[in-house]
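Working notes for the structure below.
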Amino acid sequence: MLNIDWNVVWAIVNILILIVLLRIFLFKPINKLMDERTKSIENDIASAKQAKADAEELEQQNREALANAKAEAQQILMKAREEAEAAKQETIQNSQSEARNIIDNANKTIENERKRAMQEAQSHIADLAIAAASKIIGENLDDDKNRKLVDEFLAEERSLNNDGE
0 MLNIDWNVVW AIVNILILIV LLRIFLFKPI NKLMDERTKS IENDIASAKQ AKADAEELEQ
60 QNREALANAK AEAQQILMKA REEAEAAKQE TIQNSQSEAR NIIDNANKTI ENERKRAMQE
120 AQSHIADLAI AAASKIIGEN LDDDKNRKLV DEFLAEERSL NNDGE
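According to numbering that gives the first Met the number 0, the sequence shown is numbered sequentially starting from 0.
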C-alpha cells in the first residue's frame, strides 16, 4: 500500500533533530547574546540620554551663573561709579570749604594787618601832630599828657568813622 521511503523519513527525523539541536545549542545562546546586546545598547542609549540631559542642565546652570555674574558685575560697576561720584562730591565740598576757610583766614589777616597799620599810622600821626603843635606853640609840651589827648581824639574819630561806615 503505501510505500514509505525510509530515506525521506530519516531525512525528516534528522532535520527535526537538527532543528532541535540548533535550537538548543545555537539559537538559545545567540538569542541570549542578542538579548544581552540589546539590553547593553538600551542601557547605553539611556546613559547617553541621561548624559545629554545632565549636560543640558549643566549648560543651563552655566548660563544662569553667567547671567548672574554679569548682573553682579553691573551692580559692582554701578556701585563703584556711585562711590566715585560721592567721593568726587565730597572732595569738591571739602575743597570749597577749605577754600572758604583760607579766604576767611586771609580776610581776617588782612583786617588785622589793616588795623595794625592804622594804629601805627595813627601813632605816627599823633607823634607828628604833637611835634607840629610843639613847634607852633614854641614850647615843649608834656609828652604823656599830649599823647593821652591825641589818643582820646583818635579814639573819638575812630568811633565816629566806624559808626558812619
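By construction, the Cβ of each residue, glycine as well, lies at the ideal position given by its N, Cα and C atoms.
- Under the Cβ criterion (8 angstroms, minimum of three pairs), the segment 144–158 counts as touching the segment 120–131.
- For Asn-6, the enclosing alpha helix (DSSP H) covers residues 5–21.
- Our two residues, Glu-155 and Met-117, have alpha carbons roughly 14 angstroms apart in a direct line.
- Annotated three-state conformation of Asn-2 is coil, per DSSP.
- Non-local C-beta neighbours of Ile-102 in its own chain, meaning closer than 6 angstroms and more than five positions away in sequence, are absent.
- Separation of Ile-40 and Lys-69 (C-alpha to C-alpha, rounded to the nearest whole angstrom) is 42 angstroms.
- About 14 angstroms separates the beta carbon of Leu-159 from that of Gln-121, a gap too long to meet the 8 angstroms contact definition.
- Each residue's CA atom was taken as its position, placing Asp-34 and Asp-43 some 14 angstroms apart.
- Spanning the alpha carbons of Asn-61 and Glu-82 requires a straight line of approximately 31 angstroms.
- Take the alpha-carbon of Ile-29 and the one of Trp-9: they are about 28 angstroms apart.
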